[in-house]
Structure formats: C-alpha cells, structure tokens
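Enquirer: Protein chains in written order, with this note's numbering: chain A, 9 to 484; chain B, 19 to 406. Before I ask anything, let me first share the structure, which is written out below as structure tokens.
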C-alpha cells in the first residue's frame with residue numbers, strides 16, 4: 009500500500025543520511041578546521057539524536073560502511089540502552105552487533121568491552137555477545153598475551169571461566185613454574201631470555217625490548233618476521249633510518265588508501281626516486297579495489313583537492329589528500345578515458361602536496377568543458393577562491409546548461425564538518441557523500457546517484473533492509 | 019602629503035574565519051633583489067636560503083628578535099632597516115632585551131619572531147615623535163633631553179585578538195602571495211607586504227605575535243562572524259560555458275576593485291606624511307605618519323618602495339581613537355614649533371585649556387611642574403570668577 013509522503017518522513021530520511029555521512033567520515037579526531045573536542049561533541053550529539061528518534065535505522069547503519077570508531081560507538085550505545093528496546097528489536101540488534109564485531113579489528117572490540125565495563129553495562133545480552141565473540145577467537149592464548157589487560161577485563165566482566173592455563177596466566181601470571189602452551193611459555197621466558205621475545209607479537213616484544221635495553225634498530229631487524237602487514241608499512245621508513253633493512257612491506261598487497269597515505273608521507277625526493285615502484289603499487293591496489301568494474305565507467309573527469317586544508321591535522325595527517333590520491337588511481341582504473349584536474353594545476357599525481365587555496369569553481373569549469381560522462385569531485389568543500397563559485401557553477405550547469413543530466417556529477421567529501429553536523433556540500437543539485445576509504449568509491453557513487461532525487465523514508469528503509477539482509481547473510 | 023598605493027599587487031578573494039577576514043595580496047613578479055636579512059632565515063623556518071649573488075639589498079623588520087651581535091644576547095631590531103651588500107655583517111640598530119631565565123631558554127634558537135607587545139609600540143611612537151625640538155621654557159628638562167619617554171600604550175598581541183590565531187592557522191597561502199590585509203569585524207587592522215613569497219611564508223606565522231590596537235581587540239571580541247562575499251552569477255545571461263567562465267572571472271575582478279576602493283579605502287585614501295629614513299640601491303625606506311584626523315582610520319607604518327613606485331614592504335598599525343587624539347595633539351604642537359601660545363592660537367583655544375588637554379592626554383610630565391601649577395591656578399581663578 010502506497011503511503012503518503014509526509015514532511016516528517018522526509019526529515020527522517022535526511023537525518024539518517026546525514027548520520028550515515030557523519031559515521032563514515034568522522035573519527036572524533038582533530039580536523040583541519042575543527043578540534044577533537046568539537047568533533048566528538050558534535051558526533052556524540054548525532055548518535056544520541058538518531059538513537060533516540062530512529063532506533064531501528066540507527067542499528068541498521070551497522071550494516072553500512074561506517075568507520076570502526078562509529079561502529080564501536082553504535083554498538084556501545086545500543087547495549088547501554090538495551091532496556092529501552094522491545095524484545096524483537098533486541099534480537100535484531102544483537103545479530104547486527106555480533107556480525108559487526110566479527111569484522112572489527114580485535115583491539116577495537118576489546119576497547120569496546122572495556123568501555124562497557126567502565127559504563128557498568130552488564131546486561132544479559134552484553135554478556136552473551138562478549139561470550140560468543142571471545143569463543144569465536146581463533147587463538148585465545150595469543151589474544152591473552154597480546155591484549156592481556158583487556159582480555160582480563162572482558163573475562164571478569166562477562167563472568168567467564170577461562171579454559172586451561174589461561175586462568176592462571178591472566179590472574180596469577182608468575183605463579184606457575186612453566187606453561188605447557190607454547191606462546192605462554194615464550195612469554196614467561198621472555199622475562200629472562202632475550203631471544204624468546206622475538207617469538208612474541210611485536211607490541212608485546214616492544215615492551216620486553218625496552219626492559220632488556222635492546223637498541224631499537226637491532227630489535228626491529230630481528231622482530232621483522234613477527235610484524236603484521238600494517239605494522240610493516242608503518243615501521244618501514246623509521247626502520248630503514250635505523251638500518252633495519254629486514255622490515256620490508258610488500259606494497260603490492262596494501263589497501264589503496266593506506267598506501268596513498270604512505271606515499272604522501274615520503275619526501276618529494278624519495279617519491280621521485282621510487283616513482284616506478286610506487287606507481288606500480290598504487291595501480292595494483294587500485295585495480296584490486298576496482299574489481300570487475302575496471303574500465304567500465306566510460307569517460308571520467310575528476311577535480312581533486314590538494315589545497316592546504318587537505319593536510320588534515322596532526323592526528324589525521326594528510327588524510328583528505330590521501331583519499332584524493334587514492335581516488336585518482338581508482339578512477340584511472342575504472343575509467344576508459346580519465347582526466348585528473350588537481351586544484352593546484354599540478355599534472356603529476358605522485359608529487360602532490362597540500363599547498364595553496366581552493367579555486368574549486370574554476371577547476372569544475374575546466375572539467376565541465378571536457379564534456380565527460382561523469383565528473384567526480386573529491387574535496388572538503390571549503391571553496392574559497394572565490395567562496396561559493398563552485399556552488400554557482402554547478403547550479404547554473406544543472407539548471408541551464410545541462411538540464412538533461414548528460415554529465416553525472418558527484419561530490420565525495422572526506423571531512424566531517426562538526427558545526428553543520430554533516431559533510432560540507434557544494435550545491436543542492438549535486439549529491440554529496442562522505443568518504444573514508446577510497447575503496448568504497450564505487451558503492452558511494454552508486455548510492456549518491458540513487459539519492460540524487462529526494463529519497464523518501466520508504467525507499468531508504470527498503471534499501472537499509474536489503475543491506476542488512478546481505479550483511480547478515482555474508483556472516484558465518 | 020602622500021598616499022599609500024598597492025602598486026604591483028592585486029587582491030584575491032578573502033578568506034573568512036569567524037569575525038576575521040584575511041585578504042591575500044599577490045605579486046605577479048616577485049622582487050628578487052630585496053630580501054629578508056639572511057640571518058633571519060634559518061633551518062627551522064623551512065624556507066629556501068637566499069642566494070647572496072642575486073640579492074643586493076636586504077631588510078630587517080621592526081621589532082624582530084634575533085641574535086645579531088657576537089655577544090650572543092637576543093636583541094630586537096629597532097625600526098625597520100634597509101641594508102646593502104656591504105652591510106651584511108654589521109649588526110643593525112637594535113635594543114638589547116632582558117629576559118627572565120625561563121623565557122631566555124625558550125628563545126635560545128634563532129627563531130623568527132617579533133617583539134612582545136609594548137616594547138615594539140613604544141619604539142614606534144618614540145621613533146615618530148622625537149619630543150620638543152625647541153627648548154621653550156615651559157617644557158621640562160626631562161622632555162628636552164630625552165624626548166617622549168617610552169609609555170605603555172594599550173595594545174594587544176595577535177594571540178589575544180579573538181579568532182585571529184585560528185584564522186591564520188586555516189588560511190590557505192596562495193602561490194606568489196606577498197602580503198595580507200587583516201580585518202577584524204571588517205575594520206582594517208593591519209596591512210603587511212613583503213617583497214618575495216618566500217619571505218611571506220616565513221613571516222606569516224609572526225602575524226600572531228604582532229600588535230593590534232584596542233579597537234581591533236574589541237571589534238574581534240564583540241563583533242559577530244563576517245559574511246564571506248560569496249560569488250553570485252546571474253544565470254539569465256549565461257548561454258554557454260564560455261559565458262559562465264567570463265562571469266566567474268568578472269566576479270574576481272569585481273571583488274578586487276571593491277576591496278581596493280571600499281574595504282581598504284581607509285588605508286589607501288588617507289593622507290600620510292612620509293619621513294625618508296634610508297636609501298639603499300633603488301629602495302627607499304620611509305616612515306608613515308597619518309593625518310591624525312579624528313573619526314577616521316589612522317594607520318602608522320613603515321614602507322619600502324623603489325624608484326618606479328613599486329611597493330616592496332609595508333607594515334601598518336591601526337591607531338585607536340584615543341591614540342589618534344593624542345597624536346593629533348602632538349602633531350599640532352609640533353606644527354606650532356612646540357610653543358604653547360602659538361599652538362593654542364592655531365587651535366582656537368586658550369593656553370590653560372591647551373595645558374589641560376596635554377595633561378588629560380597623559381603628557382603632563384613633559385611640562386615643568388611650576389608651569390602646570392600656574393595654569394591650573396589660573397583656570398581655577400577663571401572658574402571662580404565665572405561662578406560669582
């Protein structure tokens with residue numbers, strides 16, 4: 009039965025889309041234009057508002073590509089207010105939370121458990137979720153060593169009896185004279201024997217290295233085989249400076265946006281010297297992210313923001329620029345014919361750096377002149393040379409020059425604007441979507457185009473229900 | 019009487035943050051042969067070093083703190099100074115600074131910075147007003163010998179001006195930018211122009227250590243956010259992308275014209291007295307004194323320009339209404355050769371009235387105590403007679 013659209017429905021749909029944008033982009037960290045406090049205050053308000061008004065939609069956003077920080081916040085808020093939900097809602101939420109926790113990195117989940125403990129949330133559902141998640145961990149002994157304090161808190165909070173030697177290990181670690189579990193025994197020996205610590209996870213071994221006074225360079229050289237993929241990428245440059253050549257990240261396997269961040273962290277000279285290697289790695293990652301869509305997008309133009317504000321902040325260093333660079337390589341892989349337009353006018357993507365003003369209006373004009381089938385704008389939306397010109401150009405283009413929408417325009421914004429509770433928009437006629445990882449670009453662009461007309465609440469509910477179903481089906 | 023012009027510079031769209039508006043000034047061709055003194059360039063400023071073969075002249079801005087002489091003590095440059103190649107190793111005219119232990123420790127590196135607060139402004143005023151040039155008997159011996167003693171003027175560092183720190187932090191410097199005009203609640207607070215973009219990049223953060231008058235402090239504190247002057251294109255006239263582009267360009271030119279005619283009008287239309295201080299190569303350094311006309315903008319400043327009238331360096335400080343009133347009094351005294359009777363006649367007031375004004379302006383110490391007492395007694399006598 010068709011239902012009349014009410015203005016309350018439209019507002020609800022807008023509220024939820026706004027929340028999704030915020031939950032994709034904001035991490036509660038400092039941004040270029042706003043501090044960490046403003047960001048988390050604004051984000052917390054949005055969470056409470058959406059949870060209070062649209063509880064089922066709030067839970068459903070766990071199925072979308074919201075970032076880990078917000079996924080944890082959503083899970084926590086749902087568990088804290090479990091008493092307000094009906095039995096049916098609780099069941100649905102429980103499944104969504106369990107599925108989402110399975111996808112999160114373990115340190116985030118342990119962090120969530122500790123926050124729940126601090127908030128004194130210990131309802132039956134919370135304990136069940138903790139029990140099931142801990143039972144599904146592949147190697148409890150490894151977790152107990154790597155996240156000792158957090159595992160201890162979780163076990164205590166959920167009233168669980170740890171199996172085998174884990175109980176003594178967590179609560180009276182120095183009492184047993186020896187452990188039968190190899191990793192626990194290695195941990196015991198590492199207190200006395202330097203060689204043993206190189207068999208432990210890197211973060212644990214780091215503590216032992218400090219205790220034994222092992223020089224950093226020598227330590228990194230020997231611990232290299234135990235490093236995870238991202239630890240390798242993170243430590244590679246500082247290890248090279250210390251002469252530990254063994255720490256080598258395989259750039260070919262890195263995710264695209266992380267790789268872009270790594271490239272932007274290198275000096276311009278390094279980037280020039282390693283141009284072939286870096287370009288090849290970025291192209292490989294982009295092709296992997298593009299998947300079967302590679303080459304299917306026809307002619308594409310992109311306006312990419314490398315103004316000074318793309319520096320981000322000390323906490324999110326060069327993040328907006330990294331997203332733009334990653335989008336550049338991804339669009340190159342997706343398009344049959346691709347033209348990048350950096351705001352600074354630079355032609356070489358590998359030598360971009362955040363510098364100069366944001367003349368978005370002029371660059372969008374340049375892009376529209378190319379007459380491509382698609383235009384993607386990646387920018388934080390702080391158009392300032394002159395302010396508002398981009399909005400005017402897009403408005404006139406849509407209303408007078410291209411009313412038939414021959415060119416599909418979409419704006420992706422990597423920065424959450426705390427003051428507006430949303431990502432900054434350029435023009436009402438052009439859809440804007442928040443973006444955190446360039447890898448989600450394809451899904452975001454499809455979604456944005458679907459949302460270009462005004463989406464009503466029924467469509468949105470249907471869409472979310474579909475996503476939730478897919479999300480839960482992918483699970484074990 | 020001369021005017022200040024922004025020759026060789028064009029304004030670009032302003033960047034707004036809360037109540038602060040910063041207008042960048044772009045130079046088409048940077049001036050290569052006049053650069054910031056090489057000793058001010060330093061590794062942690064992150065700027066390119068200057069090639070000594072191409073640079074013949076250099077300048078040191080007023081109030082600049084650095085270790086100039088071999089004794090290793092930090093000192094502040096006193097008055098902006100122009101120097102040619104031969105002067106390179108000579109220490110500039112400077113004021114030694116005494117710091118408390120903790121402060122000195124922070125200042126041990128040769129960082130780019132300006133003098134804190136009062137010292138710089140007092141230096142300014144003392145530079146501009148040497149004190150009585152004629153030894154009329156009314157002036158105290160102190161005033162004749164020392165000129166105007168340094169006096170604490172009301173001024174605030176940029177850090178105290180609300181919103182300025184954030185505005186400078188999020189400001190996106192243009193390539194080729196050589197200057198900036200700072201507005202608080204759309205009142206022009208300061209103009210700052212340098213010869214070369216690299217100099218500007220090095221000096222941009224020092225604007226926060228600069229001085230701003232109380233007027234600016236209060237405007238920034240009480241004024242709300244200012245509008246961004248967003249672009250507006252009339253869509254009925256647009257038929258093609260070419261039209262749209264032309265309209266966009268027109269927006270930029272309109273803004274530049276509007277800014278120079280209206281927003282910066284108070285600075286550019288004012289009459290200034292120029293006192294030439296130094297001439298090195300093609301460059302002239304002069305001090306700007308405003309007209310001290312009341313109820314309009316008055317900017318004190320220092321500027322360097324060349325033979326062709328191209329502006330190379332400019333730094334201004336906006337006086338508050340009180341300071342304008344004091345300056346007005348001092349200029350009138352100077353115009354009357356510091357003679358009380360001549361000045362009083364020129365201003366159309368009686369001598370006791372003039373003395374009362376001098377005292378009210380805080381310059382009482384310039385006059386001999388017995389002279390002040392005499393006039394005060396006369397004024398009392400007048401009042402008593404009127405009362406009867």
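Beta carbons are placed, not taken as given, at the ideal position from N, Cα and C, and that holds for glycine.
1) Please name the residue, chosen from 280/A, 277/A, 241/A and 346/A, that lies closest to residue 270/A on a Cα-to-Cα basis.
2) Give me, in chain order, the residues of the same chain whose beta-carbon lies closer than 7 Å to that of residue 416/B; leave out the 5 immediate sequence neighbours on both sides.
3) Say whether the region 288-302 of chain A touches the region 256-264 of chain A, bearing in mind that this needs 3 or more beta-carbon pairs closer than 8 Å, one atom from each stretch.
4) Roughly how many angstroms lie between the CA atoms of residue 421/A and residue 254/B, to the nearest whole one?
5) Nearest to residue 20/A by alpha carbon, out of 159/A, 35/A, 66/A and 432/A?
6) Check whether the region 306-314 of chain B and the region 332-351 of chain B are in contact - that is, three or more C-beta pairs closer than 8 Å.
7) On the three-state DSSP scale, how would you describe residue 230/A?
8) Mind pulling the chain B residues with CB within less than 9 Å of residue 396/A?
9) Which term fits residue 373/B, buried or exposed, when burial requires 16 or more other beta carbons within 10 angstroms of its beta carbon?
10) In whole angstroms, what is the alpha-carbon distance linking residue 479/A and residue 71/A?
11) Under the assumption that residue 364/A contacts residue 192/B (Cβ atoms under 8 Å), give the Cβ distance between them as a whole number of angstroms.
12) Tell me which residue opens and which closes the beta strand (DSSP E) that residue 121/A is part of.
13) May I ask you to report which of helix, strand or coil DSSP gives residue 293/A?
14) In chain order, what residues of the same chain have a beta carbon less than 8 Å from the beta carbon of residue 464/A, not counting five sequence neighbours either side?
15) Hey, out of 54/B, 251/B, 30/B and 33/B, whose CA is closest to residue 485/A's CA?
16) Quick check on this structure: which residue in 366/B, 261/B, 264/B and 348/B has the alpha carbon closest to the alpha carbon of residue 381/B?
17) Note down, in chain order, all residues in the region 366-388 of chain A with a beta-carbon under 7 Å from any beta-carbon belonging to chain B.
18) Can the beta-carbon of residue 235/B be found less than 8 Å from the beta-carbon of residue 174/B?
19) Using the beta-carbon of each residue, which ones in chain A are nearer than 8 Å to residue 268/B?
20) Does the Cβ-Cβ distance between residue 255/A and residue 247/A come in under 8 Å?
21) Please confirm if residue 202/B has its CB atom under 8 Å from at least one CB of chain A.
22) Counting Cβ pairs, one atom from each stretch, are 3 or more of them under 8 Å apart for the region 269-287 of chain B and the region 409-421 of chain A?
23) Which chain A residues sit within Cβ distance under 9 Å of residue 253/B?
24) Name the one or two DSSP bridge partners that residue 308/B has.
25) Please list, in chain order, the chain B residues whose beta carbon lies closer than 7 Å to that of residue 393/A.
26) Name the one or two DSSP bridge partners that residue 197/B has.
27) In the DSSP assignment, the beta strand (DSSP E) including residue 348/A goes from what residue to what residue?
28) Is the CB-CB distance between residue 329/A and residue 362/A below 8 Å?
29) Please state the DSSP three-state secondary structure of residue 133/B.
30) CA-CA distance, residue 168/A and residue 143/A?
31) Please report the distance separating the alpha-carbon of residue 403/B from that of residue 314/B.
32) First and last residue of the alpha helix (DSSP H) that includes residue 276/B?
33) Can you tell me which of the three DSSP states residue 324/A falls into?
34) With DSSP as the reference, label residue 407/B as helix, strand or coil.
35) Between residue 317/A and residue 388/A, how many whole angstroms is the CB-CB distance? I'm expecting something under 8 Å.
36) Which residues of chain A have a Cβ atom closer than 7 Å to the Cβ of residue 192/B, listed in chain order?
Expert: Reading from the atomic positions:
1) What you label residue 270/A is simply residue 262 of the first chain in a count that begins at 1. The candidate whose alpha carbon is nearest that of residue 270/A is 241/A.
2) Lying before the first or after the last residue shown, residue 416/B is absent from chain B, which here runs from 19 to 406.
3) yes
4) Counting from one through the first chain, the residue named residue 421/A turns up at place 413. Counting from one through the second chain, the residue named residue 254/B turns up at place 236. About 30 Å.
5) Position 12 of the first chain, counting from 1, holds the residue named residue 20/A. That would be 66/A, whose Cα lies nearest to the Cα of residue 20/A.
6) yes
7) Numbered from its first residue, the first chain carries residue 230/A at position 222. In this structure, residue 230/A counts as helix in the three-state DSSP scheme.
8) Numbered from its first residue, the first chain carries residue 396/A at position 388. Within 9 Å Cβ-Cβ: 246, 247, 248, 249 and 250.
9) Numbered from its first residue, the second chain carries residue 373/B at position 355. Classification of residue 373/B: buried, given that the 10 Å Cβ count is 16 or more.
10) As a first step, residue 479/A is located in the first chain; it is residue number 471 there, counting from the start. As a first step, residue 71/A is located in the first chain; it is residue number 63 there, counting from the start. Near 6 Å, if we compare the C-alpha coordinates of residue 71/A and residue 479/A.
11) The residue labelled residue 364/A in the question sits at position 356 within the first chain. The residue labelled residue 192/B in the question sits at position 174 within the second chain. Sure, about 6 Å apart at Cβ, within 8 Å.
12) As a first step, residue 121/A must be located in the first chain, where it is residue number 113. Element bounds for residue 121/A: not the beta strand (DSSP E) but the alpha helix (DSSP H), 114-126.
13) Along the first chain, read from residue 1 onward, the residue named residue 293/A stands at position 285. It is helical.
14) Mapped onto the first chain, residue 464/A falls at position 456. Same-chain partners within the cutoff: 13, 17, 18 and 21.
15) Residue 485/A falls outside the range modelled here, since chain A spans only 9 to 484, and no answer is possible.
16) To locate residue 381/B, count along the second chain from 1; it is residue 363. For the residues 366/B, 261/B, 264/B and 348/B, the minimum Cα distance to residue 381/B belongs to 348/B.
17) 366, 369, 370, 373, 376 and 377
18) Position 217 of the second chain, counting from 1, holds the residue named residue 235/B. Position 156 of the second chain, counting from 1, holds the residue named residue 174/B. It is a contact, given that the beta carbons lie within the stated cut-off.
19) Within the second chain, residue 268/B is the residue found at index 250, counting from 1. None at all; the shortest Cβ gap to chain A is about 11 Å.
20) Locating residue 255/A in the first chain gives position 247, counting from the first residue. Locating residue 247/A in the first chain gives position 239, counting from the first residue. For residue 255/A and residue 247/A, yes; Cβs fall inside 8 Å.
21) As a working note, residue 202/B is residue 184 in the second chain. Judged by the 8 Å Cβ criterion, residue 202/B is not in contact with chain A.
22) no
23) Reading the second chain from its first residue, position 235 is the one you call residue 253/B. Residues of chain A passing the Cβ test: 400, 403, 404, 407 and 408.
24) As a position in the second chain, residue 308/B is number 290, starting the count at 1. Residue 308/B is bridged to 290/B.
25) Within the first chain, the letter at position 385 stands for residue 393/A. Neighbours of residue 393/A on chain B, chain order: 30 and 31.
26) Numbered from 1 along the second chain, position 179 holds the residue referred to as residue 197/B. 43/B and 211/B, per the DSSP bridge assignment.
27) As a working mapping, residue 348/A is identified with position 340 in the first chain. Run containing residue 348/A: 345-350, per the beta strand (DSSP E) assignment.
28) For this step, residue 329/A is matched to residue 321 along the first chain. For this step, residue 362/A is matched to residue 354 along the first chain. Contact: yes.
29) Here residue 133/B is taken as the residue at index 115 of the second chain, counted from 1. Unreliable placement is indicated for residue 133/B, whose pLDDT of 41 sits below 50; the coordinate value is still reported in the next sentence. Here residue 133/B sits in coil by DSSP.
30) Locating residue 168/A in the first chain gives position 160, where the first residue counts as 1. Locating residue 143/A in the first chain gives position 135, where the first residue counts as 1. Cα to Cα, the separation comes out at about 10 Å.
31) Numbered from its first residue, the second chain carries residue 403/B at position 385. Numbered from its first residue, the second chain carries residue 314/B at position 296. So the two alpha carbons sit approximately 39 Å from each other.
32) Here residue 276/B corresponds to residue number 258 of the second chain, with the count starting at 1. Where residue 276/B is concerned, the enclosing alpha helix (DSSP H) stretches over 259-276.
33) Position 316 of the first chain holds residue 324/A. Coil at residue 324/A, not helix or strand.
34) It is not possible to answer for residue 407/B, since the shown part of chain B is limited to 19 through 406.
35) On the first chain, position 309 is the one that residue 317/A refers to. On the first chain, position 380 is the one that residue 388/A refers to. That belief holds up - the Cβ atoms of residue 317/A and residue 388/A are roughly 6 Å apart, short of 8 Å.
36) Taking the first residue of the second chain as 1, we reach residue 192/B at position 174. The contacting residues are 364 and 365.
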